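A.B. asks:
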Amino acid sequence: SSSCTVYGNPTTLPITEDHPTGNCTNVYGRTKFFIEEMLKDISAADKNWNIISLRYFNPVGAHQSGLIGEDPTKAFTNIMPYMAQVAIGNKSSLTIFGDDYDTVDGTGVRDYIHVMDLASGHVAALLKLQKEHLRLKTYNLGTGKGVSVLQLLKMFEAVTKSTIPYKIEKRREGDIVSMVANTSLALKDLDWSAKYGLQEMCEDFWKWQTMNPN
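Right, here's the structure in full:
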């Protein structure tokens, strides 16, 4: 379980696995980078290790049953639970950090991936490890499609049939303009690609939220 945050502020989009890593913009990314470096050392020292590192992009959504979802206990760091809390009436408004980025509408762009696609990516990786001795391989898990915060907001409003009030604040230090995955290597090696679209991500999370309103 690694993260696209190891890439730091990307120099090219979409991001391939050979993009330089380590110039991270936050502590979370640095922890993932350090673990990747440790795995490289382990693999180099002992050829018996068989490792796949999966670089998640932005997981959202919930299990389609509505029984498993994300319920943050601390200040919101992931945007979809925050939107859902506003839509259901537990929060008064959504805060969007930055509307002056060089993107389609000025808000940050991310590659959102359904958690169920993420789960299937893990299964595909485990099957690969069972069949082959790879030593160490790394794969991006994303959709390859960039979505801005405002685009996500509009989709969530459409799914929930609600209006989500929001306010714009200044950019946060360490936030990145755009992160979009190139997932061609995962398709080639793991026979894996994301199946769910943005609407399904929003629908499944909203189902979980309405079944667990508090």
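First residue of the sequence shown: 29, per my numbering; consecutive thereafter. All C-beta atoms in this analysis are idealised placements derived from N, C-alpha and C, irrespective of residue type, glycine included. None of these values were measured; they are calculated from a predicted model.
Can you look up residue 199 in the DSSP assignment and give me helix, strand or coil?
C.D. replies: Note: residue 199 maps to coil in three-state DSSP.
A.B. asks: I'd like to check one pair, residue 139 with residue 86: are the Cβ atoms closer than 7 Å?
C.D. replies: Their beta carbons are under 7 Å apart, which means residue 86 touches residue 139 by this criterion.
A.B. asks: What is the DSSP secondary structure of residue 215, counted as helix, strand or coil?
C.D. replies: Residue 215: helix per DSSP, three-state reduction.
A.B. asks: Do the CB positions of residue 30 and residue 64 come within less than 7 Å of each other?
C.D. replies: The answer is yes: Cβ separation under 7 Å.
A.B. asks: What are the start and end residues of each continuous alpha helix (DSSP H) run of 4 or more residues lying completely inside the region 122-204, in chain order?
C.D. replies: DSSP runs (the alpha helix (DSSP H)) wholly in the region 122-204: 143-159 and 177-188.
A.B. asks: So what's residue 84 in DSSP terms, helix, strand or just coil?
C.D. replies: Three-state DSSP puts residue 84 in a strand.
A.B. asks: Going by the beta-carbon positions, is the gap between residue 103 and residue 188 smaller than 7 Å?
C.D. replies: The answer is no: Cβ separation not under 7 Å.
A.B. asks: Between residue 207 and residue 32, how many whole angstroms is the CB-CB distance? I'm expecting something under 8 Å.
C.D. replies: Contact flag correct, Cβ pair sits at about 5 Å.
A.B. asks: Can you tell me the Cα-Cα spacing of residue 99 and residue 141, whole angstroms?
C.D. replies: Computed Cα separation, rounded: 18 Å.
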